[in-house]
Each structure stands twice: as structure tokens, then as C-alpha cells.
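>
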Amino acid sequence: MPMAENGRKNFYKLTTAVYILKILSESGPSHGNRIAEEIRRRTSQVISPNPNNLYPTLHLLEERGYISGCWKDTQIRNKKIYHITENGTAYLPELEERLRLRIEEIKINIDMIQKDLLS
Numbered sequence: 002m003p004m005a006e007n008g009r010k011n012f013y014k015l016t017t018a019v020y021i022l023k024i025l026s027e028s029g030p031s032h033g034n035r036i037a038e039e040i041r042r043r044t045s046q047v048i049s050p051n052p053n054n055l056y057p058t059l060h061l062l063e064e065r066g067y068i069s070g071c072w073k074d075t076q077i078r079n080k081k082i083y084h085i086t087e088n089g090t091a092y093l094p095e096l097e098e099r100l101r102l103r104i105e106e107i108k109i110n111i112d113m114i115q116k117d118l119l120s
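Going by the numbering used here, the sequence shown opens with residue 2, and the numbers climb by one from there.
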């Protein structure tokens, strides 16, 4: 995979993780589809997570103890409700800072390209 592609995927995962933690922190417990809907709403559809990207990020955050999930109905296991944990609340500022730095890096790169090609 080219480095640029890997960088986009990492940026997308980081952005999605921040959105997940912020949504759970601000709006309370939610299931994956509702989190995806909220990300789409907040970004005016700019980010539209699909299950192949969203659920691995949810599972990773859960494995690391930043969120916890429980099945709404344990018999049919159709919706897992996620909650932010104390560790997730404590981790969110660090993750936000990583995202802020990554966005600043992207802005610098865009400015460089714009100056070189369009001025």
C-alpha cells in the first residue's frame, strides 16, 4: 500500500475514534449505527463511516478499555450499546491533540501544494 494511502487510512481511523469518543461523551450510550448517523450529521456527510471501518474502530476502542459495550438484547444480539469509560474520557484530550497536530500537518502540505501549483 502506498504511504499516502496508509496516511489517509490512519487519519480516517483517528478522526473516527475522536468522533466516537466525543459522541459517547456528549450524547451518552449509543449503538454503532446511531454513532455513524451522528458522524454523518455532524460532518454534513463529508465523513460517512461504513461498517467495515466503523466497527473495527469500535472494537479496538473497546479492547483498549476506552469504551465498553453490552448487547441490548443478549438473546438476539442485534444492537451493541457502547458507553465511554473513565479511561476513554481521560484519553480523549490526547487523541484530540493527535488529531489537531495531524490536521495542522495536512494544512501545511495543502498550502505548500497550493503555493507551488496555483500561484
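Quick reminder that beta carbons are idealized off the backbone N, C-alpha and C, glycines included.
Near residue 82, which residues of its chain fall below 8 Å by C-beta distance, leaving aside the five closest residues on each side in sequence?
Excluding residues within five positions, the ones whose Cβ falls inside 8 Å are 30, 31, 32, 70, 71, 72, 73.
> Would you identify the three-state DSSP class for residue 33, choosing helix, strand or coil?
Residue 33 falls in the helix class under three-state DSSP.
> Exposed or buried, what is residue 2 when buried is set at 16 or more other beta-carbons lying within 10 Å of its beta-carbon?
Residue confidence is low: residue 2 scores 47 on pLDDT, short of 50, so the model does not pin down where it sits. Its coordinate-derived value is still stated next. Under this definition residue 2 is an exposed residue.
> Can you tell which of 66, 56, 28, 61 has its C-alpha closest to the C-alpha of residue 34?
The residue with the shortest Cα to Cα distance from residue 34 is 56.
> Which residues in the same chain as residue 80 place their Cβ atom closer than 6 Å to its Cβ, once the five residues preceding and following it in sequence are excluded?
If we look at residue 80 and ignore the five residues flanking it on each side, its Cβ neighbours are 32, 73.
> The alpha helix (DSSP H) spanning residue 89 covers which residue range?
First-last of the alpha helix (DSSP H) with residue 89: 87–119.
> Starting from residue 66, trace the beta strand (DSSP E) in both directions and tell me its first and last residue.
No beta strand (DSSP E) holds residue 66; DSSP gives it neither H nor E.
> Can you have a look at residue 91 and say buried or exposed, based on whether 16 or more other CB atoms are within 10 angstroms of its CB?
With fewer than 16 Cβ atoms within 10 Å of its Cβ, residue 91 is classed as exposed.
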